[in-house]
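These notes are about the structure you will find just below.
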Amino acid sequence: MFGWRLAMVSLILEYGFAQRALVTGLIVGLISPVIGLFIVARRLSVISEVLSQMSLSGIAFGSMLGSFVPFLQPVSPPLYGAVFAVIGAFFVEWLSKVYRDFSEVVIPILLSFGIGLSVLLFSMMDGFTVDFAGYLFGNLLAVSKWDVVLTAVVGAGVFITVALFYHPLLAMMFDREFSGVIGIRTQFVQVVFMIVMALTISVAVRAVGVLLVTGLMILPVASAMLLANGFKKTMAYSVMISEMSIVIGFVAAYYFQLASGGTIIVTAVFIFLAILVGKRAVFWFAVKS
Numbered sequence: 000m001f002g003w004r005l006a007m008v009s010l011i012l013e014y015g016f017a018q019r020a021l022v023t024g025l026i027v028g029l030i031s032p033v034i035g036l037f038i039v040a041r042r043l044s045v046i047s048e049v050l051s052q053m054s055l056s057g058i059a060f061g062s063m064l065g066s067f068v069p070f071l072q073p074v075s076p077p078l079y080g081a082v083f084a085v086i087g088a089f090f091v092e093w094l095s096k097v098y099r100d101f102s103e104v105v106i107p108i109l110l111s112f113g114i115g116l117s118v119l120l121f122s123m124m125d126g127f128t129v130d131f132a133g134y135l136f137g138n139l140l141a142v143s144k145w146d147v148v149l150t151a152v153v154g155a156g157v158f159i160t161v162a163l164f165y166h167p168l169l170a171m172m173f174d175r176e177f178s179g180v181i182g183i184r185t186q187f188v189q190v191v192f193m194i195v196m197a198l199t200i201s202v203a204v205r206a207v208g209v210l211l212v213t214g215l216m217i218l219p220v221a222s223a224m225l226l227a228n229g230f231k232k233t234m235a236y237s238v239m240i241s242e243m244s245i246v247i248g249f250v251a252a253y254y255f256q257l258a259s260g261g262t263i264i265v266t267a268v269f270i271f272l273a274i275l276v277g278k279r280a281v282f283w284f285a286v287k288s
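Numbering (numbering that gives the first Met the number 0), first residue to last: 0 to 288.
Right, here's the structure in full:
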């Protein structure tokens, strides 16, 4: 059995597209739960949906621009997705100030705009294309060399930013007003975090798709919260669970011809359920004994 599994892995690694997919998936699996933990702690899960839709709009814009302007074709559409996601982050911040007393209206405004713009731009390219479905549901096996480079650059940027702003982010996570009192530039840190979140989502879209990107950021964190108490331990466990979901989901999608995005997320759900049921079972047996 072990030899058969080893043969499967070696067969995958023989192909360039499989190597690119695995590297991209591992980087995405590394940074997504790190940012996802801060998203959960600060209750910003809904905003991640908005930024993912804005990323899709950027991908649609980049695809259309490449179709009409030949010399721009080599530019990877996810690069435009990253730019649009960052723009979306600034819009979220700006509209939150405009509607300070009714901030809940910001999400549906930008969410509907992102979806509508994506559909409009893709429809202008003679209807819905295969690429649209790939970005909507995720397709790791279709990543290009540019996608790998973009993902690696964003991944490095995310870790550097989190390392530099770890303590301010941690303080704002518990009490933003008090953070301002003790001298933290809360508005600046908030903008930096929104940009990092937007970039993380934009590269994760290629792995699991717009519709499932929030799941990749939240599910490993939810699983880790059942196992760990401290913040750093939760982050470490969430990264481990995320990477397990990526690898298992990728291998299953490759060999059984399944959609990579859906397979990765379903794997993450099964891991979450296994941990949840296992923890309840341990508690039940402990009470009984």
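By construction, the Cβ of each residue, glycine as well, lies at the ideal position given by its N, Cα and C atoms.
On the criterion of 16 or more Cβ atoms from any shown chain inside 10 Å, does residue i qualify as buried, or is it exposed?
i	result
V39	buried
A285	exposed
Y236	buried
Q52	buried
F131	buried
F271	buried
S122	exposed
S75	buried
Y14	exposed
N294	Any property of residue 294 remains undetermined from this structure, which presents the chain solely from 0 to 288.
A267	buried
V220	buried
V207	buried
S222	buried
Y79	buried
G115	exposed
Y253	buried
V68	exposed
R42	exposed
G277	exposed
R205	buried
G154	buried
R19	buried
L21	buried
L275	exposed
F269	exposed
G182	exposed
F89	exposed
Y98	exposed
Need the endpoints of the alpha helix (DSSP H) that residue i sits in, please.
i	result
S122	105 to 122
R205	185 to 207
F255	Careful: F255 lies outside any alpha helix (DSSP H) and carries neither H nor E.
R19	15 to 40
A227	Premise fails: A227 is in no alpha helix (DSSP H) and is neither H nor E.
V68	Premise fails: V68 is in no alpha helix (DSSP H) and is neither H nor E.
F158	144 to 163
Y371	This structure cannot settle anything about residue 371, because the visible part of the chain is limited to 0 through 288.
G179	175 to 180
Check whether the Cβ of residue i sits closer than 8 Å to any heavy atom of the ligand FAD, and report yes or no.
i	result
I217	Absence of the ligand FAD from the depicted structure is noted, as is the absence of any ligand whatsoever, leaving it without description.
- request: Indicate whether the contact test is met: 3 or more Cβ pairs, each with one atom in the region 95 to 107 and one in the region 227 to 239, closer than 8 Å.
  value: No: the two stretches stay apart, fewer than three of their Cβ pairs being nearer than 8 Å.
- prompt: Can you find at least 3 beta carbon pairs, one from the region 40 to 56 and one from the region 271 to 288, that sit closer than 8 Å?
  reply: In short, these stretches do not touch, since the Cβ pair count stays below three.
message: Counting beta carbon pairs with one atom in the region 189 to 199 and one in the region 81 to 94, are three or more of them shorter than 8 Å?
response: A contact exists between the region 81 to 94 and the region 189 to 199.
task: Answer yes if the region 140 to 151 comes into contact with the region 161 to 172, meaning at least three C-beta pairs across the two stretches below 8 Å, and no otherwise.
output: When C-beta atoms of the region 161 to 172 are compared with those of the region 140 to 151, fewer than three pairs fall below 8 Å, so the two segments do not count as touching.
- prompt: Does the pairing of the region 176 to 183 with the region 61 to 68 give three or more beta-carbon distances under 8 Å?
  reply: When Cβ pairs closer than 8 Å are counted between the two stretches, the region 176 to 183 is seen not to touch the region 61 to 68, the count staying below three.
- request: Please determine if the region 240 to 249 and the region 23 to 35 are in contact, where contact requires at least 3 C-beta pairs separated by less than 8 Å.
  value: Yes, since at least three Cβ pairs between the region 240 to 249 and the region 23 to 35 fall closer than 8 Å, the two stretches touch.
- prompt: Are the region 252 to 267 and the region 205 to 222 touching by the rule of at least three beta carbon pairs closer than 8 Å?
  reply: The region 252 to 267 vs the region 205 to 222: in contact.
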